[in-house]
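Engineer: Here the sequence shown is numbered in our numbering, starting from 270 and rising by one per residue.
Idealized CB from N, CA, C, for every residue including glycine.
The structure displayed is predicted, hence computed values, not measured ones.
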Amino acid sequence: MTPPAHTEPAGPDGIVIRPMTPRDADQVLVIYQLGLDTGHASFETTAPTWPAFDTTKLPHHRYVATRTGAGPHAPEQVLGWIAATAVSDRCVYAGVVEHSVYIHPGARGRGVGAALLNAFVASTEAAGIWTIQSGIFPENTASLRLHHAAGFRTIGTRERIGRHHGRWRNVVLIERRSPTVL
Ligand SMILES: CC(C)(COP(=O)(O)OP(=O)(O)OC[C@H]1O[C@@H](n2cnc3c(N)ncnc32)[C@H](O)[C@@H]1OP(=O)(O)O)[C@@H](O)C(=O)NCCC(=O)NCCS
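Set out below in structure tokens:
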């Protein structure tokens, strides 16, 4: 699969969607931890180190949503990120990835997640990836709504599939099969 030609996808007003770089590491991992702290984002409870994140996430299709602060020297603020892992090393699944999307609590509910997901879908489709999948806790209604609006379908619910802080949790499996990668 060839990496996609990059274009700067549009985000909500004043927000830029661009490829993630190592300079974003600290803000990406803080946002990751804040998402995990909701208790509804993942079975994980602690964000990985940057080397672990960098090793497991596919190098292409990593994006951040950013906003430049007021004033000429104001630092750029990362509002959210999206990235993916390969689901298998078997050739038949070469075009299947599993993604994660995390938005800073102060930026949720303003279309940032949708903008990142749109950019990610375009990027993966341009590279020939045909299926994006994820598992979502049923309590995470924001994530379910975000993904259904972006063309994901619910495959089904895995019941009491794992324990999170000692409590059995269900996981809703979702996927988006690209209509353009044939
Ligand atoms: C889930 C998450 C990524 C959504 O991102 P977001 O930027 O807040 O979502 P958006 O503003 O783009 O909204 C996308 C859709 O979700 C809906 N939505 C957003 N927040 C919602 C909420 N709290 N409850 C219900 N629906 C919600 C929006 O109305 C919108 O739906 P619509 O297009 O039908 O109007 C974000 O809340 C988050 O980072 N949560 C913590 C980490 C996490 O759970 N990640 C997902 C792991 S599976």
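So if I measure from each beta-carbon to every heavy atom of ligand 1 and keep distances below 6 Å, which residues remain?
Structural biologist: Qualifying residues, in the order they occur: 304, 307, 309, 310, 370, 371, 372, 377, 378, 379, 380, 381, 382, 383, 403, 405, 409, 410, 411, 412, 414, 415 and 418.
Engineer: Could you tell me if residue 357 is buried or exposed, where buried requires 16 or more neighbouring beta carbons within 10 angstroms of its beta carbon?
Structural biologist: Within the sequence shown, the letter at position 88 stands for residue 357. Flag for residue 357 reads exposed.
Engineer: Do you know offhand how far residue 281's Cα is from residue 384's?
Structural biologist: For the purposes of this step, residue 281 is taken as the residue at position 12 of the sequence shown. For the purposes of this step, residue 384 is taken as the residue at position 115 of the sequence shown. Taking the straight line joining both Cα atoms gives about 7 Å.
Engineer: Would you decide whether residue 354 is buried or exposed? Buried here means 16 or more other CB atoms lie within 10 Å of its CB.
Structural biologist: Residue mapping note: residue 354 aligns to position 85 of the sequence shown, counting from 1. Burial call: exposed.
Engineer: Tell me the residue span of the alpha helix (DSSP H) that contains residue 320.
Structural biologist: On the sequence shown, residue 320 is found 51 positions in, with the first residue counted as 1. Unbroken alpha helix (DSSP H) run through residue 320: 319-325.
Engineer: For residue 294, which residues in the same chain have their Cβ closer than 7 Å to its Cβ, ignoring the five residues on either side in sequence?
Structural biologist: Sequence index remark: in the sequence shown, residue 294 carries index 25 (1-based). Correct list, in chain order: 319.
Engineer: Answer yes or no: do residue 349 and residue 381 have a C-beta to C-beta separation smaller than 8 Å?
Structural biologist: Here residue 349 is taken as the residue at index 80 of the sequence shown, counted from 1. Here residue 381 is taken as the residue at index 112 of the sequence shown, counted from 1. Yes, the pair counts as a contact, with Cβ atoms nearer than the cut-off.
Engineer: Below 8 Å on the Cβ atoms is my contact criterion, and I expect residue 370 with residue 351 to pass it. Report the Cβ-Cβ distance as a whole number of Å.
Structural biologist: The residue labelled residue 370 in the question sits at position 101 within the sequence shown. The residue labelled residue 351 in the question sits at position 82 within the sequence shown. Right, the Cβ-Cβ distance comes to about 4 Å (below 8 Å), so this counts as a contact.
Engineer: Can you name the residues that DSSP bridges to residue 441?
Structural biologist: The sequence position of residue 441 within the sequence shown is 172, counting from 1. In DSSP, residue 441 forms a bridge with 405 and 426.
Engineer: For residue 316, name the three-state secondary structure that DSSP assigns.
Structural biologist: As a position in the sequence shown, residue 316 is number 47, starting the count at 1. Note: residue 316 maps to coil in three-state DSSP.
Engineer: Taking only three categories from DSSP, how would you classify residue 398?
Structural biologist: Walking along the sequence shown from the start, residue 398 turns up at place 129. Of the three classes helix, strand and coil, the one that applies to residue 398 here is coil, per DSSP.
Engineer: In terms of residue numbering, what span does the beta strand (DSSP E) encompassing residue 368 cover?
Structural biologist: As a first step, residue 368 is located in the sequence shown; it is residue number 99 there, counting from the start. Residues 365-372.
Engineer: Could you give the distance in angstroms between the alpha-carbon of residue 283 and the alpha-carbon of residue 346?
Structural biologist: Here residue 283 refers to the residue found at position 14 when the sequence shown is read from its first residue. Here residue 346 refers to the residue found at position 77 when the sequence shown is read from its first residue. Their Cα atoms are separated by approximately 12 Å.
Engineer: What do you get for residue 412, buried or exposed, if any count of 16 or more other CB atoms within 10 angstroms of its CB means buried?
Structural biologist: In the sequence shown, residue 412 corresponds to position 143, counting from 1. When all chains shown are included, residue 412 counts as buried.
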